[in-house]
Amino acid sequence: MKTSRVSIAAAIAAGSVLLLSGTAFAHVGVQPGEATKGGYATINFKVPNERDNASTTQLEVNFPADQPLSSVMPQDVPGWTVTVEKSKLDKPLTVHGKQINEAVTKVTWSGGKIEPGKFQQFPLSIGKLPDNVDQMVFKAIQTYDNNEVVRWIEETKPGAAEPQNPAPVLKLTAAPATGGDHHDDGAKNDDGAKNDDGAKNADKGHDEAAESGSDTTARALGITGIVVGLAGVAFGVASRRRAS
809 MKTSRVSIAA AIAAGSVLLL SGTAFAHVGV QPGEATKGGY ATINFKVPNE RDNASTTQLE
869 VNFPADQPLS SVMPQDVPGW TVTVEKSKLD KPLTVHGKQI NEAVTKVTWS GGKIEPGKFQ
929 QFPLSIGKLP DNVDQMVFKA IQTYDNNEVV RWIEETKPGA AEPQNPAPVL KLTAAPATGG
989 DHHDDGAKND DGAKNDDGAK NADKGHDEAA ESGSDTTARA LGITGIVVGL AGVAFGVASR
1049 RRAS
């Protein structure tokens, strides 16, 4: 009896957790959730349909005005029409020696349908990502065919719980080390010039020694194989004589 009560209580608790956390897990998000500062990335806005009696028919993603991007290119999504809106920048950007006077402020997908129990991903290639911040917040608006609008625009504050309708966040991380600190193995002459010839000769001698060692090993293995083969033949002949 006690076991049954414990099992029922556990089941009720688990069900309560799922009910309370369902909304938090099923929100519009960006994947992958991280990208490299100052680089370019391909991201996907993942949109789950949260309603049992309606389908999602539109997604609007707003870009942060204080973090303009010089390049935003959407990938075609079958059944959906994409619209890209740009605005003039107060301060032009210079990217690869070219001046950029406007940047994308909004991307909208419409005309398609995300049915109940399904989700859709909307890909974008974006850059050049800012290198002076740790994240980008994209405020998204999800529209259903029953005219319901859900605004995923709430920013999560440090140390606080996730809000009910959190905005998609792309975290920006520092670029990995490229091994820029190289150590020169070549010795230097008294005048400070690198003795590249000495280093090259040393490498050449090392390669030749390795090659010579490989040849010697191969010859030794070949001779050993021949000896083993001859021993096998002699053993076979001796066995036949004994049998006869």
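Everything in the sequence shown is counted per the numbering used here, starting at 809 for the first residue and increasing by one. Don't be surprised by glycine CBs; every beta carbon is placed ideally from N, CA and C. Nothing here was measured: the structure is a model prediction, and the numbers come from that model.
Judging by CA-CA distance, which residue of the options is the nearest neighbour of residue i?
i              : options                           : result
tryptophan 960 : Lys926, Ile851 and Glu858         : Glu858
glycine 935    : Leu901, Asp953, Ala862 and Glu963 : Leu901
lysine 896     : Val912, Gly905 and Phe871         : Val912
histidine 904  : Thr986, Glu842 and Gly846         : Gly846
valine 890     : Thr844, Val915 and Pro938         : Val915
valine 941     : Asp884, Thr850 and Pro872         : Pro872
isoleucine 922 : Phe946, Pro856, Glu963 and Pro882 : Pro856
glutamine 861  : Leu978, Phe930, Phe946 and Gly925 : Inspection of the sequence shows that residue 861 is occupied by asparagine rather than by glutamine. Checked all of Leu978, Phe930, Phe946 and Gly925; the closest Cα to asparagine 861 is Gly925.
proline 876    : Gly887, Asn852, Glu842 and Leu937 : Leu937
So if DSSP puts residue i in a beta bridge, which residue, or which two residues, is it bridged to?
i            : result
arginine 959 : Ile949
serine 983   : The question names serine, yet the displayed sequence has alanine at residue 983. Note: alanine 983 sits in no beta bridge, so no partner.
Buried or exposed for residue i, please, with buried defined as at least 16 other CB atoms from any protein chain shown within 10 angstroms of its CB.
i              : result
glutamate 868  : buried
proline 966    : exposed
histidine 835  : buried
glycine 837    : buried
threonine 981  : exposed
threonine 864  : buried
methionine 944 : buried
glycine 880    : Correcting the residue type first, residue 880 is valine in the shown sequence and not glycine. Valine 880 should be labelled buried.
valine 892     : exposed
serine 878     : buried
alanine 969    : exposed
List the endpoints of the continuous beta strand (DSSP E) containing residue i.
i                 : result
phenylalanine 853 : 849-856
glycine 837       : 837-839
threonine 902     : 889-903
threonine 865     : 864-870
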